[in-house]
Amino acid sequence: MDAKPNDAAPDRRDFLRTCARWAALAFIGWAGGRQLLRRRARVSGSWCRADCADCASADGCGLGAAPRLPRVSRLDAVWQLDPAKCIQCGRCATNCVLAQSAVKCFHTHAMCGYCKLCFGYFQPDAAELSSAGENQLCPTGAIRRKFIEDPYYEYTIDNDLCIGCGKCVKGCNTFGNGSLYLQVRHDLCLNCNECSIARNCPADAFTRLPADRPYMLKGS
Amino acid sequence: MNKSDRILMVKCRAAQTLAAVSGAFLLTVLFLLTATFIRARKAEPLDSSLLAESRLSAVEAGSGDRLREEYRDIDLLARRAHFGSLAVYRSGAVLALCAGIVFVLAFKYQAALRVPRPQPGRYAGVGAMGDPLAFTRRMVAGFALVLLAAAGLAVVSMTPTRQVGPVAGKGDAPGQAARGTAAEDSWPGFRGPDGLGIAHDADPPVEWDGIDGKNIRWKSGVPLPGFSSAVVCRGRIFLTGGDARVREVYCYRSDNGELLWRQAAAGIPGSPAEPPEVAADTGYAAATPATDGERIYAIFATGDLVALDLEGNRVWAKNLGVPDNPYGHASSLLADAGKLYVQFDDHTGGRMLALNTATGDTIWEQKRETLPSWASPVLVRGGGGTQVVISGNPHVVAYDADGGTERWKIECLGGEVAPSPAWSDGLLFAGAEYSSLAAIAPGDPARIVWESNDNLPEVSSPVAWRGLLFVATSYGTVTCSDTKSGEIRWKKEFDEGFYSSPMVAADKVYLMDRKGVTHVFRAADVFEEIAVSPLGEKADATPAFAGERIYLRGTKNLYCVTKQ
Amino acid sequence: MKKAVLVCILFAALQAFGAVQRFPTPDFESAYRLPQTQTPPPRGDLYEYIDTAVLVAALGLASWLALGLRSRRGIFALMLFCLAYFGFWRKGCVCPIGAIQNVTESLIRPDYAVPLTVAVFFVLPLVFALLYGRVFCAAVCPLGAIQDAVVLRPARVPRAVAEALSLLPHVVLGLAILLVLNGGGYLICRLDPFVAFFRLGGAAVMLISGGVVLLIGTVVARPYCRFFCPYGVLLGWASLVSRRHLTITPDDCVNCRLCEDACPFGAILPANEGNPAADRGVGRRAARHALTLPLVIAVFVLAGGAAGRALSPANRSVRLDRQIAAEDFGAAEPADESRAFRAGGTPREELREEVRRVQFGFVRGGRLLGAYLGLVIGLKLIRLAGSRRRDEYEPDRARCLSCGRCFEYCPREHLKRRGGTAIPVRQHENST
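Chains A, S and X, in that order, give the protein sequences. Per my numbering, the first sequence starts with residue 166, numbered consecutively. Per my numbering, the second sequence starts with residue 487, numbered consecutively. Per my numbering, the third sequence starts with residue 677, numbered consecutively.
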């Protein structure tokens, strides 16, 4: 077969291509390796190692100071909201990308006072302490009130009805014990790269937690 | 057409029909979803005002009332609508997806069966198929210009028209960066720049003794008495004094205390033949003059307002009317950016004026529904513009400095309002004895952040500095409170009361009691007394700070205190 | 009502006792047990492994289908599968396009760790692109797949327009990196038009804009991929230097010109004889563009710095600071953010310090972005100074998405499929 003309030009191009390719591969390898080996700086909140026995944190963790971790972490992290920072603005109900927000009201019964007049259940101007619609604070009627013994009532949240508006949380925290609070439910949350609620939270209450300890429950 | 072709055509037709049907179905589902969405948005089932109103009437009605049943029905409908629409979206989305998949597959299938014939040469020309390179280059350059234009647009639209944001400046002073032509060694009016009680860049001594002359550079007699404080400008000190006969402005040389000139405020049209009655501890010259570096402005209890140049020549003068108030006019003047601000509150109602400093003409005037007050205006500067804030009875009001429009107003004071406001970090502090001391967050509407009913100032104006509010009362109590919460950090009882206002200079508070003894302590949340410096005579005026010097006015003399 | 008032008084009294529980948990006399708070766990680790495995398999399969088997049908089928799995099943997250932001953050910020899956999703398509070209775009990317599925009647975008618009992905890439490094959020995720479809629901704006993009996609093939995707910039660079790349012809190109309008993406570069008249000016033109390159870069650096500062409100601290300043001077209503900030007790000066730092970061980042864009534009103008002489029809390595539509148009391909052995071109010549 005759030699093709201009053989030199394609060869030079091929050589340059090969050089660039190897350089790119080497860079990816180097950067990747560096990230895998290098430890992340200590930072409070957010990440933590699952194995607390190895934790070098001096003042106990509680999702606080964490030891240096690899830059590329095998541990997945999920979104969660800090009830201590939440100001119950109501944006959790409207900002989630899901039609019904993944943020729901949680209830720590150990902190609850089981009051007959529950400030998270009843409207401030409730005419009487019954479960009639005009007396309830919850717009979807997601709180169930059950008589236990006099004068104690149990309040439980129906998760299918809860829209995460935080009205009950506001009432409970302002006048009651604060046993009601909002949390992200992880069986619903899609764990978006950037949480739409987190972006719009006025109190900056959202943070990422390790997937094996994904809740910031009150009273625990 | 042979058999295989016919089969192909049949297949093609079938696929096309399927595509058409599924496409139509897809569009229908999308249309229905959109309709549900629009309806749901308009109705806003859970948040609607209709629901809220119905609820209110239901609550007010008695039990068993029809209104309650009505509300419960509406509420049930609203909840059903909310969850129902969610279910519609869910099922609609799945249907739309299925229809979309069928449509796409059917369409692609029939398109694959009808591959169009290749048409080489459709796009002729040099350079890959089509446009000449020159045109391409121009398009690229055009896009680059579009990018630059977009950047420009971003800059123009995102930069706020007024600089709202971190204002350069030291510590607490919001107006440091924007201040005008104050001479190096100056003190423009009562309680200093903007009337806030803070001496920036001052480095005064802490100890002096007016009796044996320690750190006293000079001491000069003041011909006529007055309770006004000194103002300093271009190496001169200005004071006012007066009695029932005559009211005068005095000018001293700041180096040696030599009285350079004295000018009477006489022969002013509108000036009353008989001066009004004034209380002994107010006098005719209680209002501190103001200076803007070019002229000195002074006001007296007769309502006479004079403007003199620094040599003592009268530039303009007018009478604002005789103030009708129990003690005598005491509100000091404030000059800034070509305007002279006059707070004129007496029994005939109140007025807030801004006069042209060069001519005395009224730039703007605001009538106020108010009782007499003896407080002085302060200037609050920021991104939204400069505001003049005054304490009055019963309102604390802020006016726009340029136009005089009322920016905000809050009712919080009562009784005899003599202390002027203090300002720190977004909060305004106003107080009066027999009323309260309030921390106000300005805005429309303004709101009271905290309020205290103890340790209220009567004459002395509080000062706020780095998160701490210092208040001195006329019975000798000094308190230091946290500006944000009102929590008292420390409280100290002194033997003598305070009429003079506390001043902050070089991180210290200078507070002179009625006997003329200045207590100097740290401007901190723990009480730490640094020095106690007597003047040697009684004093009620507030110190003036200029550089390394303090100018103190006693009942008879003017003192210049500086490190010797 | 009276009860509420009484309790409020009681509450006020209790406040004096400090942080004691206002209403103590009762001691129940009956045998009542307190219910436990339910804490449903997030999805397990398993999906991380499955996703990575599927990605590797899909990339490998796509490479083989595009370069080895050369089957458009196979690529289409794989594309539909990946659309179903990565798109609708996994809801389009995590994706390599968004992973740019995570990876950049992890490289620059010392306190951010990127999950392994995200890093793998970022690196693997790039590695395959370095080896085999943009096979990721062909059959694996769900965003590309959904656009490719709705290509119904593709029209040709004039080359000039296509070249100009191809600068946009560089802008998007630069802006996304600028924002993510300065706390401005994740731009790429916010500008993803199709995620609302993958999630089968979303905000109206997202759905409408996604629908509009898909509608445009019926006539302009893969608009997001060609004119917006920032990851496409990186894949294009990798594909330029790839070891092997998809070819239109299985063996030799006979310049039959039948594939000229085969590519809906305009990625086929034709053979051309060159134009001696036009070529004459090439050297001078290229030199001229090269000389103006520093000026272009300088102009863009300045514009970038200014625009960067203007973009600083993307950071929430800057927005908060402006809001507070506006409120302080009566220009704005108190908002939840400023109330929460004041309740939090952080000193104002600290916020101002942070804002100063952030704005400085934006200005510096904006300048870098400007320099990068200036460089890209300048280099593109130099490249467009003249066209290279080509002997055969080949795909534009940076732009070709390896979809395989062009196989059908090549007679050599048909020959190969039917005969199994290709008749070498030279033999034909010798025989005549």
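In this text, a Cβ means the ideal position worked out from N, Cα and C, and glycines have one as well.
| query | result |
| --- | --- |
| Buried or exposed: where does Thr891 of chain S fall if 16 or more other Cβ atoms within 10 Å of its Cβ makes it buried? | exposed |
| May I ask you to list, following chain order, the residues of the region 555 to 579 of chain S that have a beta carbon less than 7 Å from some beta carbon of chain X? | Tyr575 and Ala579 |
| Check this for me: beta carbons of Ser946 of chain S and Ser987 of chain S, under 8 Å apart or not? | yes |
| With C-beta atoms as the reference, is Ala803 of chain S less than 8 Å away from Leu820 of chain S? | no |
| Tell me, please, whether the region 297 to 307 of chain A touches the region 339 to 353 of chain A by the rule of three or more beta-carbon pairs shorter than 8 Å. | no |
| Identify the continuous alpha helix (DSSP H) that holds Phe676 of chain S and give its terminal residues. | Element bounds for Phe676 of chain S: n/a, residue is neither H nor E. |
| In or out: Arg742 of chain S buried (at least 16 other Cβ within 10 Å) or exposed? | Position check: residue 742 of chain S holds Asn in this sequence, whereas Arg was assumed. Answer is exposed; the Cβ neighbour count stays below 16. |
| Below 8 Å on the Cβ atoms is my guess for Pro758 of chain S versus Val828 of chain S; work out the distance and round it to an integer in Å. | That pair is no contact at about 18 Å. |
| Can you tell me whether DSSP reads Pro830 of chain X as helix, strand or coil? | coil |
| Answer yes or no: does any C-beta atom of chain X fall closer than 8 Å to that of Gly227 of chain A? | For Gly227 of chain A, the predicted model reports a pLDDT of 48, less than 50, meaning its position is unreliable and no value from the coordinates is stated. |
| Using beta carbons (cut-off 8 Å, strictly below), is Asp323 of chain A in contact with chain S? | no |
| Quick one: what does DSSP say Gly578 of chain S is sitting in, helix, strand or coil? | helix |
| Whose CA, out of S:Ile560, S:Phe511, S:Ala567 and S:Arg541, lies closest to the CA of Gly586 of chain S? | S:Phe511 |
| With DSSP as the reference, identify every bridge partner of Ile308 of chain A, one or two as the case may be. | A:Ile322 |
| Would you say Thr965 of chain S and Asp911 of chain S are within 8 Å of each other, going by their C-beta atoms? | no |
| Do Glu1003 of chain X and Gly929 of chain S come within 8 Å of each other at the CB atom, strictly closer than that value? | yes |
| Check each candidate in X:Gly1095, X:Arg1066, X:Asp824 and X:Ala1074 and name the one with the smallest Cα separation from Ser842 of chain X. | X:Ala1074 |
| Taking the alpha carbon of Tyr770 of chain S as the reference point, which residue from S:Leu513, S:Cys737 and S:Arg731 has its own alpha carbon closest? | S:Arg731 |
| Assign His1090 of chain X to buried or exposed, taking buried as 16 or more other Cβ atoms, counted over all protein chains shown, within 10 Å of its Cβ. | exposed |
| For Gln714 of chain X, name the three-state secondary structure that DSSP assigns. | coil |
| Could you compute how far the alpha carbon of Gly694 of chain X sits from the alpha carbon of Trp936 of chain S? | Below a pLDDT of 50, predicted positions are generally treated as unreliable, and Gly694 of chain X, at 40, falls in that range; the measurement from the model is reported next regardless. C-alpha separation (whole angstroms): 20 Å. |
| Quick check: the Cα distance between Ala544 of chain S and Gly255 of chain A, rounded to an integer number of angstroms? | 25 Å |
| Using a Cβ-Cβ distance under 8 Å, would Val816 of chain X count as near chain A? | no |
| Given a limit of 8 Å on CB to CB distance, which residues of the region 1058 to 1078 of chain X reach chain S? | Leu1060, Ala1061, Gly1062, Ser1063 and Asp1072 |
| Pick helix, strand or coil for Met381 of chain A, following the three-state DSSP scheme. | coil |
| Hey, does Ala532 of chain S have any beta-carbon neighbour from chain A nearer than 8 Å? | Here the sequence assigns Leu to residue 532 of chain S, which means Ala is not the residue at that position. Yes, its Cβ sits closer than 8 Å to a Cβ of chain A. |
| Is Pro989 of chain X helix, strand or coil when you go by DSSP? | helix |
| Rounded to a whole number of angstroms, what is the C-alpha to C-alpha distance between Leu752 of chain X and Ala815 of chain X? | The amino acid occupying residue 752 of chain X in the given sequence is Phe; Leu does not appear at that position. Computed Cα separation, rounded: 7 Å. |
| For Val923 of chain S and Pro248 of chain A, I'd like the C-alpha separation in whole angstroms. | According to the sequence provided, residue 923 of chain S is Leu. The question's Val does not apply to it. The alpha-carbon atoms of Leu923 of chain S and Pro248 of chain A are separated by roughly 34 Å. |
| From Asp832 of chain S to Ala773 of chain S, what distance separates their C-alpha atoms? | 14 Å |
| List the residues of chain S whose Cβ lies closer than 7 Å to the Cβ of Glu781 of chain X, in chain order. | Chain S residues near Glu781 of chain X: none, gap ~23 Å exceeds 7 Å. |
| Report the residue from S:Ser577, S:Val496 and S:Leu553 whose alpha carbon sits nearest the alpha carbon of Thr522 of chain S. | S:Ser577 |
| Can you grab the Cα-Cα spacing for the pair Val574 of chain S / Gly1042 of chain X, in whole Å? | 45 Å |
| I need the boundaries of the beta strand (DSSP E) containing Val909 of chain X, first residue and last residue. | It is not in any beta strand (DSSP E) - Val909 of chain X instead sits in the alpha helix (DSSP H) that spans Pro906 to Leu916. |
| With three or more beta-carbon pairs closer than 8 Å as the criterion, would you say the region 1009 to 1017 of chain X touches the region 957 to 964 of chain X? | no |
| Measure from the C-beta of Arg499 of chain S to each C-beta in chain X and report whether the shortest distance is under 8 Å. | no |
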